[in-house]
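K.L.:
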Amino acid sequence: MNARHLKQIDLVRAAQQVGVKLGKSHVSQYVSGKTVPRTEILNFLATTLDVDEQWLLGHDTTAKTATTRVERHTPSSASGNAEGSASETRTDRRNESSPASIHLEEEGIPMRQFHKSTKLDNVLYDVRGPVVDEAARMEESGMHVLKLNIGNPAPFGFRTPDEVVYDMARQLTETEGYSASKGLFSARKAIMQYAQLKNIPNVGIEDIYTGNGVSELINLSMSALLDDGDEVLVPSPDYPLWTACVNLAGGTAVHYTCDEQSEWYPDIDDMRAKITDRTVAIVIINPNNPTGALYPPEVLQQIVDLAREHQLMIFSDEIYDRLVMDGLKHVSIASMAPDLFCVTFSGLSKSHMIAGYRVGWMVLSGNKHMAKDYIEGINMLTNMRICSNVPAQSIVQTALGGHQSVNDYIVPGGRLYEQREYIYNALNAIPGVTAVKPKAAFYIFPKIDVKKFNVLDDEQFALDLLHDKRILITRGGGFNWQEPDHFRIVYLPRIEVLRDAVGKITDFLSYYRQ
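Residue numbers (the working numbering): 1064 to 1577.
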């Protein structure tokens, strides 16, 4: 790449022109040697870079065996198949530094290699991706890195309510065995009552499923629903697990735009334009990660109307529904759609500062008759994973009842509120940076002036900031945002830490040009 004066973004754009699916994170992983491109990607890279495929894989192309392998993958091969078969691909990618491999090659026996599934080719999770890997390497070498990349409250001094810890400890000996697959009765009853308080219609105890965090349930719900080619509307920017789980399940994530000029609300016209006869569902993330937006009832109503018109399911990720500021109120979209089938996700990880406990749930509501077969699929997968973490389930009733300590954080004088105020004003004071004020959660998604800073690659921007200032952020592309002009900051650290971070970012941008 250096010899051809090419950057990662150049390869991505070249791939788009010829219809090859290639992302910047994929290129980063190939460059670092963490993953090996599959055949069609390898062909494209070798052609674009004008190098031998096997050399690109790190093989000695002067060796006789290597020459033979090259011939098997070139258009001039006897088979005429430029890509080669899947079995050839898996056989031919060898670790030639291995003594066993050398021995086998001397005897003319190819060394078998095991590679990741091609289903992962369109799966990215940059919240814990290549830039995070680089940060880990730096830490291992003794450097301190300020991690503003992940919404994990515990490292920043947010403590689990004492009552929750006490109740779990008291019940440990009673939670050593499996629970029912959907969860403990006490936990599901408390969740059902919480759903009733949110005005979610037609919810009984059998409509509640506990999970090891919402993440597990998103994966489960997509796997139970999607066939190859089914389309799901997913927001851009999104929490990347949604896109990943849709793609892993064989579906296609179709991204609708959230409009920064309109408080990051979904662009309903864009959503409507992307509905096809293959569309089966709409995903909303409300309150939103990564933007911190909170959708008002009038926006939710437009989404409901659209789903009703096209008979679509609604999946609503509401994990931050108790972290709403400015006196605003969160409204569950399911409460506005009693005639549609809705799946609502929430949990305790963020509101009760117990991300490590992995307490999540999903609630089925509305017209369940139209989803009878789908619910059977959910039940099958739920049974297969046995049950979610039982000790964690045991504190759901305690956590959802009584005083909600999170309320102390989200009002003037509270930590989250004051940190939100500081980071919003401080970022907007940096020349070339603007940000919409978040209404909920603990994220902000600022925009950088790409012309001012000549930013073409947001992953490179994140790496440069990490190397120069030891600050770890998540690039906008990690949230399936298509332009290299945004990044996410987690504002969980105390103000004095945020002040130091903003000072370093300000200094960095005073000289940075990509």
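Virtual Cβ for every residue (Gly too), placed ideally from N, Cα, C.
Source: prediction; values computed, not measured.
(1) Using only the alpha-carbon positions, how far apart do Arg1132 and Gln1176 sit?
(2) Locate the alpha helix (DSSP H) running through Val1317, then write down its first and last residues.
(3) In this structure, how does DSSP classify Cys1405 when only helix, strand and coil are distinguished?
(4) Taking the alpha-carbon positions, what's the Lys1087 to Phe1404 distance?
(5) Under the rule that 16 or more other beta-carbon atoms within 10 Å means buried, what is Gly1292, buried or exposed?
(6) Taking Cβ to Cβ, would you say Thr1273 is nearer than 7 Å to Ala1250?
(7) According to DSSP, simplified to helix, strand and coil, what is Glu1294?
(8) Taking a contact to mean a Cβ-Cβ separation below 7 Å, would you say Ser1428 touches Asn1212 in this structure?
(9) Let me check understanding here. Comparing Cα to Cα, which of Gly1495, Thr1537 and Ser1414 lies closest to Ala1462?
(10) Tell me the DSSP secondary structure of Ile1417 in three-state form.
(11) What residue from Asn1065, Pro1300, His1068 and Leu1108 has the CA that sits closest to Thr1537's CA?
(12) Among all the DSSP beta bridges, which residues are the ones paired with Ile1345?
(13) So, is Val1094 buried or exposed, given that buried needs 16 or more other C-beta atoms within 10 angstroms?
(14) Based on DSSP bridge pairs, tell me the residues matched to Arg1551.
(15) In the DSSP assignment, what are the bridge partners of Pro1329?
(16) Could you check where the alpha helix (DSSP H) with Met1285 kicks off and where it finishes?
(17) Determine the closest residue to Asp1340 out of Asn1310, His1373, Ile1473 and Leu1085, with distance taken between C-alpha atoms.
(18) Tell me which same chain residues have a C-beta within less than 8 Å of the C-beta of Cys1321, skipping the five on either side of it?
(19) For Asp1520, does the count of other Cβ atoms within 10 angstroms reach 16, so buried, or fall short, so exposed?
(20) Thinking Lys1431 and Ile1438 are a contact (beta carbons under 8 Å), I'd like their distance in whole angstroms, please.
(21) For Asn1262 and Asp1332, I'd like the C-alpha separation in whole angstroms.
(22) Return no unless some Cβ of chain B is closer than 7 Å to the Cβ of Pro1100.
(23) Thr1461 by DSSP, collapsed to three states: which one?
(24) In this structure, how does DSSP classify Thr1223 when only helix, strand and coil are distinguished?
(25) How far does the beta strand (DSSP E) with Gly1440 in it extend, from its first residue to its last?
(26) In this structure, how does DSSP classify Met1425 when only helix, strand and coil are distinguished?
(27) Quick check on the DSSP output: the alpha helix (DSSP H) that includes Glu1522 runs from which residue to which?
(28) Skipping 5 residues on each side, what residues in its chain have a beta carbon closer than 8 Å to that of Ser1468?
(29) Compute the beta-carbon to beta-carbon distance between Ile1271 and Met1255, rounded to the nearest angstrom, for a pair I have assumed lies under 8 Å.
(30) For Val1186, which residues in the same chain have their Cβ closer than 7 Å to its Cβ, ignoring the five residues on either side in sequence?
(31) If you reduce the DSSP assignment to three classes, tell me which class Tyr1506 lands in.
(32) Could you tell me which of Gln1079, Asn1065, Gly1423 and Gly1314 sits nearest to Thr1407, measuring between CA atoms?
(33) DSSP three-state call for Leu1209: helix, strand or coil?
(34) If we ignore side chains and look at the alpha-carbon of each, how far apart do Ser1573 and Lys1179 end up?
(35) Would you identify the three-state DSSP class for Thr1110, choosing helix, strand or coil?
(36) Quick one: what does DSSP say Gly1566 is sitting in, helix, strand or coil?
P.N.:
Quick look at the numbers:
(1) Interpretation of Arg1132 is limited by its pLDDT of 37, a score under 50 that renders its predicted location unreliable; no figure is taken from the coordinates.
(2) In the DSSP assignment, Val1317 falls outside any alpha helix (DSSP H) and within the unbroken beta strand (DSSP E) covering Thr1315 to Asp1322.
(3) Cys1405: strand per DSSP, three-state reduction.
(4) Approximately 36 Å, taken between the alpha carbons.
(5) When all chains shown are included, Gly1292 counts as exposed.
(6) At the C-beta level, Thr1273 and Ala1250 come within 7 Å of one another.
(7) Annotated three-state conformation of Glu1294 is strand, per DSSP.
(8) No.
(9) Of Gly1495, Thr1537 and Ser1414, the residue nearest in Cα terms is Ser1414.
(10) Ile1417 carries a coil assignment under DSSP once its states are collapsed to helix, strand and coil.
(11) Closest option to Thr1537, Cα to Cα, is Pro1300.
(12) Residue pairing from DSSP places Ile1345 in a beta bridge opposite Leu1296 and Ile1377.
(13) By the neighbour-count criterion, in which a residue is buried when 16 or more other Cβ atoms sit within 10 angstroms of its Cβ, Val1094 is exposed.
(14) Paired residues: Thr1537.
(15) DSSP, once it has assigned bridges, lists Cys1321 as partnering Pro1329.
(16) Counting along the chain, the alpha helix (DSSP H) containing Met1285 begins and ends at Gly1276 to Leu1288.
(17) Minimum Cα distance to Asp1340 is reached at His1373.
(18) Counting only Cβ-Cβ distances below 8 Å, and skipping sequence neighbours, we find Pro1298, Ser1299, Pro1300, Trp1327, Tyr1328, Pro1329, Asp1330, Asn1351, Thr1354 and Ala1356.
(19) Flag for Asp1520 reads buried.
(20) A Cβ-Cβ separation of about 7 Å places Lys1431 in contact with Ile1438 under the 8 Å criterion.
(21) Computed Cα separation, rounded: 28 Å.
(22) The structure shown has no chain B; it contains just one protein chain.
(23) Helix.
(24) Residue state, collapsed to three classes: coil.
(25) Annotation for Gly1440: no beta strand (DSSP E) segment contains it, though the alpha helix (DSSP H) segment containing it runs Lys1435 to Met1447.
(26) Here Met1425 sits in strand by DSSP.
(27) Segment Asp1521 to Lys1532, the alpha helix (DSSP H) holding Glu1522.
(28) The residues are Pro1224 and His1415.
(29) Right, their Cβ atoms sit about 5 Å apart.
(30) So the list reads Ala1307, Asn1310 and Leu1311, once near-sequence residues are dropped.
(31) In the three-state reduction of the DSSP assignment, Tyr1506 falls in the strand class, which pools E and B.
(32) A check of alpha carbon separations from Thr1407 across Gln1079, Asn1065, Gly1423 and Gly1314 identifies Gly1423 as the nearest.
(33) Residue state, collapsed to three classes: strand.
(34) Their Cα atoms are separated by approximately 42 Å.
(35) If DSSP states are grouped into helix, strand and coil, Thr1110 belongs with the helices.
(36) Assignment of Gly1566 by DSSP, reduced to helix, strand and coil, places it in the helix class.
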